[in-house]
Amino acid sequence: MFHWLEKNPFLFSVGVFLVIAFAGVITLIPSFAEASRPVIGTTPYSTLELAGRHVYIKNSCNACHSQLVRPFKSETDRYGDYSLSGEYAYDRPFLWGSKRTGPDLMRVGNYRTTEWHENHMMDPEALVPGSIMPGYKWMFTNLADIDTAYAEQITVTDFFGVPYNKAVPMKDGSTKTIFMGSTVEEARADALAEAKLVAADMKNQDVKDMVAKGQIPEIVAIIAYMNSLK
Amino acid sequence: MNKLYLGAIVVTVLMLIATYVSFDFKHGSSDIVNQIAILGAVVLVIATIFVVVKYVRQMQTDTVTGELMDENWDGVGEYDNPVPTGWAIVFALTMIWGMWYYLVGYPVNAYSQIGEYNEDAKVLNDKFEAEYKHIVGDKLVEMGESVYLSNCAACHGLNADGIDGQAADLNVRIEKSVVKDAIENGSNNHLLGMEMPMPDRNGLFNMNTGALITDAEIDAVSAFVANGMSGAGADVFAGTCAACHGEDGKGMESVSPNIATYDSALVVNVIVEGKKGAIGTMPKMEVLNKKQKEAVAAYVQSLSN
Numbered sequence: 101m102f103h104w105l106e107k108n109p110f111l112f113s114v115g116v117f118l119v120i121a122f123a124g125v126i127t128l129i130p131s132f133a134e135a136s137r138p139v140i141g142t143t144p145y146s147t148l149e150l151a152g153r154h155v156y157i158k159n160s161c162n163a164c165h166s167q168l169v170r171p172f173k174s175e176t177d178r179y180g181d182y183s184l185s186g187e188y189a190y191d192r193p194f195l196w197g198s199k200r201t202g203p204d205l206m207r208v209g210n211y212r213t214t215e216w217h218e219n220h221m222m223d224p225e226a227l228v229p230g231s232i233m234p235g236y237k238w239m240f241t242n243l244a245d246i247d248t249a250y251a252e253q254i255t256v257t258d259f260f261g262v263p264y265n266k267a268v269p270m271k272d273g274s275t276k277t278i279f280m281g282s283t284v285e286e287a288r289a290d291a292l293a294e295a296k297l298v299a300a301d302m303k304n305q306d307v308k309d310m311v312a313k314g315q316i317p318e319i320v321a322i323i324a325y326m327n328s329l330k
Numbered sequence: 045m046n047k048l049y050l051g052a053i054v055v056t057v058l059m060l061i062a063t064y065v066s067f068d069f070k071h072g073s074s075d076i077v078n079q080i081a082i083l084g085a086v087v088l089v090i091a092t093i094f095v096v097v098k099y100v101r102q103m104q105t106d107t108v109t110g111e112l113m114d115e116n117w118d119g120v121g122e123y124d125n126p127v128p129t130g131w132a133i134v135f136a137l138t139m140i141w142g143m144w145y146y147l148v149g150y151p152v153n154a155y156s157q158i159g160e161y162n163e164d165a166k167v168l169n170d171k172f173e174a175e176y177k178h179i180v181g182d183k184l185v186e187m188g189e190s191v192y193l194s195n196c197a198a199c200h201g202l203n204a205d206g207i208d209g210q211a212a213d214l215n216v217r218i219e220k221s222v223v224k225d226a227i228e229n230g231s232n233n234h235l236l237g238m239e240m241p242m243p244d245r246n247g248l249f250n251m252n253t254g255a256l257i258t259d260a261e262i263d264a265v266s267a268f269v270a271n272g273m274s275g276a277g278a279d280v281f282a283g284t285c286a287a288c289h290g291e292d293g294k295g296m297e298s299v300s301p302n303i304a305t306y307d308s309a310l311v312v313n314v315i316v317e318g319k320k321g322a323i324g325t326m327p328k329m330e331v332l333n334k335k336q337k338e339a340v341a342a343y344v345q346s347l348s349n
């Protein structure tokens, strides 16, 4: 009955490919599209947070820390709700990590504060005796790269339609708008304004002075980023 | 008996012996899964040998029969034999099962990670309830200590001393700087579990002098409160604070918090609402359940009493 198919191997291969591809498309794409849509309450990163994220990547924090709470009671008891794919909608690249030398940081913004990070990043042992996390003293003097963060904001807005300057729905029914400057000067000013809020909660006088002078040390950016992890 | 059957028997026996030797009787003989596995291994050995012998025999003796199909590929042809009935039935059944599995079996009765999580969480929560719901006294404090060590020690320190002013020292009810800050700037931290702010110094009258509280008085009364409600400053407290906080500083239901000692309600409210004060910011600790909050409150109380 189907010998004509066997006689046309090319046509046959294309047919098989189409059938399997079609099955793949209708089973994978809808659920993937659904799951990758941003969860209500997930907002894009602000310029300063994004700069902090770059500091996080640059220092390979993800080599020791994951950002993915698995659906196990032992994890949700410790870190809070398990992660959903939509929560990573604005993470490029995602920082799930694959090893937990230190704890998960997916929701660290819920239970740690600016001052705590400030002390911890300077000298983890001072707060957590026996900690094997290294101190990151240079972050208190190195400047964060705001321009690159802004460049990333422009890119993701153009290519992926990340909703900067648009109202994003929040869990309580309100909306929130994450600002993106229309020029690099505006972006720098916005990052500095946010940095001032973070620095206000910090104790290190040198950092406060730098921010007052209009400079943004890496520590301020990475704290802003960690506070945004909720 | 021909060589083929003899070989087959020898191989079967060898493989059965190998199976027997590799089976860990010490640990496994009573386990049903192991028993099924070993049975499966035996069946597999026998079936394999049987099938191999059958086909080798067939190759040795079979002769060509049946019609060739019209087409051939460079001289290689194919017989036009009907599909064997048994095979065809199994094939059809597989398709039916596949449909059932795809449409009904899998998506609906599927394994779901979140479903398993919910079941696990329920079992563990029930177990927690059953085991810890009614604990009191030392047991509660003990549980509180472990909650404290895993959730609070990173800020408050292993000895609860607040690590050099990084967080509140929980070995005392309240530090002078915190009292002073509350008087000077007021306090609006939902310490009563609801919005009930304390006025700042521009709203605090000293009944004894009939005037707003002064710098010297603030200093004196702060030292008095931080000192466990004793020493100089008692008169300022009586004149300014007692109306709300009570003569003994133990607070009043829905009016003011206890500032003389930690009470359970205050600690629980601080955990639920967080606090921003003179020392810094304490985050809300949302992951703790009700009993854990109660327990850690009992532990905190045990530190200063």
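So the sequences go chain by chain: A and B.
Throughout the first sequence, residue numbering follows my numbering, covering 101 to 330 in sequence.
Throughout the second sequence, residue numbering follows my numbering, covering 45 to 349 in sequence.
Built from N, CA and C at the ideal position, the CB exists for glycine as well.
Restricting attention to alpha helix (DSSP H) runs no shorter than 4 residues, the region 253-287 of chain B encloses them at 259-270, ordered along the chain. C-alpha of isoleucine 90 of chain B to C-alpha of methionine 103 of chain B: approximately 20 Å in a straight line. Taking 7 Å as the CB threshold, alanine 212 of chain B stays off the interface with chain A.
Counted as a single uninterrupted DSSP element, the beta strand (DSSP E) harbouring alanine 267 of chain A occupies residues 267-269. For threonine 105 of chain B, the secondary structure class from DSSP, reduced to helix, strand or coil, is helix. At the C-beta level, aspartate 263 of chain B and alanine 322 of chain B stay beyond 7 Å of one another.
DSSP, reduced to helix, strand and coil, places lysine 294 of chain B outside both helices and strands of the structure shown, so it counts as coil.
Between threonine 277 of chain A and alanine 267 of chain A a beta carbon distance of about 5 Å is seen, short of the 8 Å cut, so the two are scored as contacting. Here serine 266 of chain B is buried, its C-beta having at least 16 other C-beta atoms within 10 Å.
Leucine 137 of chain B is outside the set of residues whose beta carbon lies under 7 Å from a beta carbon in chain A.
Counting along the chain, threonine 257 of chain A sits inside the alpha helix (DSSP H) bounded by residues 246-260.
Spanning the alpha carbons of methionine 59 of chain B and alanine 85 of chain B requires a straight line of approximately 10 Å. Proximity of chain A to leucine 202 of chain B at the Cβ level (cut-off 8 Å) is accounted for by Pro229, in chain order.
Relative to tyrosine 123 of chain B, the option among B/Leu112, B/Trp131, B/Cys196, B/Trp117 whose CA is nearest is B/Leu112.
Non-local C-beta neighbours of isoleucine 93 of chain B in its own chain, meaning closer than 7 Å and more than five positions away in sequence, comprise Ala52, Val55, Thr56, ordered along the chain. Valine 87 of chain B is positioned such that its CB atom lies no closer than 7 Å to that of valine 191 of chain B. Three or more Cβ pairs closer than 8 Å define a contact, and the region 312-328 of chain B meets that threshold against the region 216-224 of chain B. Every candidate beta strand (DSSP E) stretch fails here, since none sits fully inside the region 164-202 of chain A while reaching 3 residues. Beta-bridge analysis with DSSP links tryptophan 238 of chain A to no other residue. For lysine 107 of chain A, the uninterrupted alpha helix (DSSP H) segment begins and ends at 103-107. Using a CB distance below 7 Å, the part of the region 312-327 of chain B facing chain A consists of Gly324, Thr325, Pro327, ordered along the chain. DSSP places serine 346 of chain B within a helical segment (H, G or I) once states are collapsed to three. Nearest neighbour of leucine 214 of chain B by Cα position, chosen from B/Gly121, B/Asn349, B/Gly293, turns out to be B/Asn349.
Residues of the region 137-167 of chain B with a C-beta less than 8 Å from any C-beta of chain A: Gln157, Ile158, Glu160, Tyr161, Asp164, Ala165, listed in chain order. Cβ-Cβ separation between asparagine 250 of chain B and glycine 283 of chain B: approximately 5 Å, consistent with a contact (criterion under 8 Å).
For asparagine 265 of chain A, the closest of A/Phe117, A/Val139, A/Phe112, A/Thr143 by C-alpha to C-alpha distance is A/Thr143. Per DSSP, the beta-bridge partners of asparagine 250 of chain B are B/Ala255. Going by C-alpha positions, proline 243 of chain B is about 37 Å away from glutamine 315 of chain A. Isoleucine 140 of chain A is a Cβ neighbour of lysine 271 of chain A, given a cutoff of 7 Å. Taking 7 Å as the threshold, the shortest C-beta distance from valine 331 of chain B to chain A falls below it. Taking a Cβ-Cβ threshold of 9 Å, the residues of chain A close to isoleucine 207 of chain B are Asn219, Ala226, Leu227, in chain order. Of all alpha-carbon atoms in A/Gly186, A/Glu225, A/Ser160, A/Val119, the one lying nearest the alpha-carbon of glutamate 134 of chain A is that of A/Gly186. By the 16-neighbour rule on beta-carbons within 10 angstroms, isoleucine 76 of chain B is exposed.
One Cα belongs to glycine 209 of chain B, the other to asparagine 252 of chain B, and the distance between them is close to 34 Å. Boundaries of the alpha helix (DSSP H) around lysine 158 of chain A: 147-158. When DSSP states are grouped into helix, strand and coil, serine 328 of chain A belongs to the coil group.
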